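Take a look at the structure set out below.
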Amino acid sequence: MESVSEFLEMGGYAPFVWPAFAIAAAVLTLLLAWSLRDLRRERNLLDSLPGRRSETRPAEAGDDP
Amino acid sequence: MANWHRLANPTLFLEWSRRVRPWTGVATAALLATGVYLSLFVAPRDYQQGDAVRIMFVHVPSAWMALFAYAVMAVASAAGLIWKSPLAHLTAKAAAPIGASFTLLALATGALWGQPMWGTWWVWDARLTSVLILFFLYLGYIALWQAIDDHARAAKSAAILALVGVVNIPIIKFSVDWWNTLHQPASVLRMDGPSIHSSLLTPLLVMGAAFAGYFVVVLSIRLEREVLARQVRTLRRVQSRG
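One line per chain: the protein sequences are A and B, in this order. Residue 1 in my numbering sits at position 1 of the first sequence, and the numbers go up by one each step. Residue 1205 in my numbering sits at position 205 of the second sequence, and the numbers go up by one each step.
Structure below.
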């Protein structure tokens, strides 16, 4: 059973292995967050436009049929 | 036979996409958690690469998705041009930033592997250079959409750029066979089957499935946004006419 510090050292390759996983986590998280933010903004924009009953949200309780 | 072509209708697409996305999201999260666990804790050290081999579990699936996203973008662009389908053009547009992100990851993690293994972050060999060109193609495609105000013209120009760039895809895939590259040849997608041991292949495939799931989820989010943006444009046009 290897110790935690041994695991973190990655056989001496820690300066390469951890940044690789960190960059992947950062890029994928940022892209997801950015995409969700853009979608939310677009929904709000469409909802705010007059003359349009919103089709942008799934029907919620209390919505008119 | 399902009426799959009905998905080309934006409203039906939105409905379908919203129904499928949560399930794909959950499956992707589960695959990603499993993949990371296998990559970091279960996969053995490589007898030559040591623990640096773990970088491959991010690098290789990123490179697969970089190519796959481009293929999606190119097919959607062709469909957009041929059938004049706005949804197809928007699919291509939505795929581009995802492809660019995976390409960036392939390049960055490749450099992080190259430094300890090859003794250099970067070489101008055919594989690395053609993937860098892929990254620039994605950036050019995204920039073109932003540079042209007229939406129909932007869609057409960007689609043509995407289709011209397709020539780069076989160059990337076969660069390792055609030229004497420092980058190794394929070891998974080979005619005679994978040449790596299952203890390393399994985490690779699980991470590949997770990245593919991520692509589907983020594509559906981005595409929904593009469809709504199109509705906003239409609505504004109608209103400005009074």
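Using N, Cα and C, we set each Cβ at its ideal position, and we do this for glycine too. If you're wondering where the values come from, they're calculated on a predicted model, not measured in any experiment.
So what does DSSP say about Gly1050 (chain B), is it helix, strand or coil?
Looking up residue 1050 (chain B) in the second sequence gives position 50. It is a strand residue.
Taking any Cβ of chain B, which residues in the segment 22 to 54 of chain A have a Cβ under 7 Å from it, in chain order?
Going along the segment 22 to 54 of chain A in chain order, one finds Ile23, Ala24, Val27, Leu28, Leu31, Leu32, Ser35, Leu36, Asp38, Leu39, Glu42, Arg43, Leu45, Leu46, Leu49, Gly51, Arg52 with a Cβ nearer than 7 Å to chain B.
Between which two residues does the alpha helix (DSSP H) holding Leu49 (chain A) run?
As a working mapping, residue 49 (chain A) is identified with position 49 in the first sequence. Taken as a continuous stretch (DSSP letters only), Leu49 (chain A) belongs to no alpha helix (DSSP H), as it is neither H nor E.
Just the C-alpha distance for Pro65 (chain A) and Leu46 (chain A), rounded to the nearest angstrom, thanks.
As a first step, residue 65 (chain A) is located in the first sequence; it is residue number 65 there, counting from the start. As a first step, residue 46 (chain A) is located in the first sequence; it is residue number 46 there, counting from the start. Bear in mind that the predicted position of Pro65 (chain A) carries a pLDDT of just 38, short of 50, making it unreliable; the figure below should be weighed with that in mind. Rounded to whole angstroms, Pro65 (chain A) to Leu46 (chain A) spans 19 Å at the Cα level.
Output needed for Val1053 (chain B): all residues of its chain with C-beta closer than 8 Å, excluding positions within five of it in sequence on either side, in chain order.
Working through the second sequence from its first residue, we reach residue 1053 (chain B) at position 53. Ala1043, Arg1045, Asp1046, Leu1200, listed in sequence order.
Is there contact here, the segment 1230 to 1240 of chain B with the segment 1094 to 1113 of chain B, by at least three beta-carbon pairs under 8 Å?
With a cut-off of 8 Å, the segment 1094 to 1113 of chain B and the segment 1230 to 1240 of chain B do not count as touching, because too few Cβ pairs lie within range.
My understanding is that Leu1144 (chain B) touches Ala1158 (chain B), with C-beta atoms under 8 Å, so please give their C-beta distance in whole angstroms.
One-based indexing of the second sequence puts residue 1144 (chain B) at position 144. One-based indexing of the second sequence puts residue 1158 (chain B) at position 158. Between Ala1158 (chain B) and Leu1144 (chain B) the Cβ distance is about 5 Å, and since that is below 8 Å, they are a contact.
If you follow the alpha helix (DSSP H) that Gly12 (chain A) is part of, which residue opens it and which one closes it?
Position 12 of the first sequence, counting from 1, holds the residue named residue 12 (chain A). Note, Gly12 (chain A): premise wrong, no alpha helix (DSSP H); not H, not E.
Where does Asp38 (chain A) fall in DSSP's three states?
Residue numbering aside, residue 38 (chain A) sits at position 38 when the first sequence is read from its first letter. Looking at Asp38 (chain A) - three-state DSSP - the assignment turns out to be helix.
Can you give me the Cβ contacts of Ser1101 (chain B) inside the same chain, cut-off strictly under 6 Å, excluding the 5 residues immediately before and after it?
Along the second sequence, one-based indexing puts residue 1101 (chain B) at 101. Nothing listed; no residue qualifies.
Which residues in chain B sit within 7 Å of Val17 (chain A), going by Cβ to Cβ distance?
One-based indexing of the first sequence puts residue 17 (chain A) at position 17. Within chain B, the residues near Val17 (chain A) are Asp1051, Ala1052, Arg1054, Ile1055.
Near Gly1213 (chain B), what residues of its chain come up, given a Cβ to Cβ distance below 7 Å and the 5 sequence neighbours on each side ignored?
By one-based count along the second sequence, residue 1213 (chain B) stands at place 213. Contacts found: Thr1024, Ala1027, Thr1028, Leu1031.
Would you identify the three-state DSSP class for Lys1173 (chain B), choosing helix, strand or coil?
Position 173 of the second sequence, counted from the start, is the residue given in the question as residue 1173 (chain B). Here Lys1173 (chain B) sits in helix by DSSP.
Could you say if the segment 1172 to 1179 of chain B and the segment 1110 to 1123 of chain B meet the contact criterion of at least three C-beta pairs nearer than 8 Å?
Cβ pair count under 8 Å is below three, so no.
Taking 8 Å as the limit between beta carbons, can you name the residues of its chain near Ile1221 (chain B), skipping five residues before and five after?
By one-based count along the second sequence, residue 1221 (chain B) stands at place 221. So the list reads Arg1021, once near-sequence residues are dropped.
Are the Cβ atoms of Leu1204 (chain B) and Phe1068 (chain B) separated by less than 8 Å?
Start at 1 with the first residue of the second sequence, and residue 1204 (chain B) comes out as number 204. Start at 1 with the first residue of the second sequence, and residue 1068 (chain B) comes out as number 68. Against a cut-off of 8 Å, the Cβ pair of Phe1068 (chain B) and Leu1204 (chain B) comes out as no contact.
What are the boundary residues of the alpha helix (DSSP H) that includes Ile1142 (chain B)?
Counting from one through the second sequence, the residue named residue 1142 (chain B) turns up at place 142. Note, Ile1142 (chain B): alpha helix (DSSP H), 1126 to 1147.
Roughly how many whole angstroms lie between the Cα atoms of Gly1050 (chain B) and Leu8 (chain A)?
Here residue 1050 (chain B) corresponds to residue number 50 of the second sequence, with the count starting at 1. Here residue 8 (chain A) corresponds to residue number 8 of the first sequence, with the count starting at 1. Distance between the alpha carbons of Gly1050 (chain B) and Leu8 (chain A) is about 14 Å.
Name the two residues that bound the continuous alpha helix (DSSP H) containing Leu1189 (chain B).
Position 189 of the second sequence, counted from the first residue, corresponds to residue 1189 (chain B). From DSSP, Leu1189 (chain B) is part of no alpha helix (DSSP H); its letter is neither H nor E.
Determine, using beta carbons only, whether Tyr1141 (chain B) comes closer than 8 Å to chain A.
If you number the second sequence from 1, residue 1141 (chain B) lands on position 141. Cβ-Cβ to chain A under 8 Å: no for Tyr1141 (chain B).
Are the beta-carbon atoms of Leu1014 (chain B) and Thr1202 (chain B) separated by less than 8 Å?
Counted from its first residue, the second sequence places residue 1014 (chain B) at position 14. Counted from its first residue, the second sequence places residue 1202 (chain B) at position 202. No, they are not a contact pair.
State the CB to CB distance for the pair Leu1228 (chain B) and Glu42 (chain A), rounded to an integer number of angstroms; the pair is presumed to be in contact (CB under 8 Å).
Residue mapping note: residue 1228 (chain B) aligns to position 228 of the second sequence, counting from 1. Residue mapping note: residue 42 (chain A) aligns to position 42 of the first sequence, counting from 1. With 8 Å as the limit, Leu1228 (chain B) and Glu42 (chain A) qualify as a contact, their Cβ atoms being about 4 Å apart.
Suppose you measure from the CA of Ser1198 (chain B) to the CA of Asn1180 (chain B); what does that come to, to the nearest Å?
Taking the first residue of the second sequence as 1, we reach residue 1198 (chain B) at position 198. Taking the first residue of the second sequence as 1, we reach residue 1180 (chain B) at position 180. Their Cα atoms are separated by approximately 28 Å.
How would you call Gly1099 (chain B), buried or exposed, if buried means at least 16 neighbouring beta carbons within 10 angstroms?
As a first step, residue 1099 (chain B) must be located in the second sequence, where it is residue number 99. With 16 or more other Cβ atoms within 10 Å, it is buried.
Give the list of continuous beta strand (DSSP E) stretches no shorter than 3 residues that lie fully inside the segment 1196 to 1237 of chain B.
Here no run is fully enclosed.
What are the start and end residues of each continuous alpha helix (DSSP H) run of 4 or more residues lying completely inside the segment 1060 to 1122 of chain B, in chain order?
Runs of the alpha helix (DSSP H) inside the segment 1060 to 1122 of chain B: 1086 to 1118.
Taking only beta-carbon positions, decide if Trp1122 (chain B) is within less than 8 Å of chain A.
Position 122 of the second sequence, counted from the first residue, corresponds to residue 1122 (chain B). Judged by the 8 Å Cβ criterion, Trp1122 (chain B) is not in contact with chain A.
Is Ala1096 (chain B) near Ile1142 (chain B), with beta carbons less than 8 Å apart?
In the second sequence, counting from the first residue as 1, residue 1096 (chain B) sits at position 96. In the second sequence, counting from the first residue as 1, residue 1142 (chain B) sits at position 142. A contact, by the Cβ cut-off of 8 Å.
Anything in chain A within Cβ reach of Gln1146 (chain B), meaning under 9 Å, just list it in chain order.
In the second sequence, residue 1146 (chain B) corresponds to position 146, counting from 1. The premise fails here: Gln1146 (chain B) is roughly 14 Å from chain A at the closest Cβ pair, so nothing lies under 9 Å.
Is there a Cβ from chain A that is less than 8 Å from the Cβ of Trp1023 (chain B)?
Counted from its first residue, the second sequence places residue 1023 (chain B) at position 23. Judged by the 8 Å Cβ criterion, Trp1023 (chain B) is not in contact with chain A.
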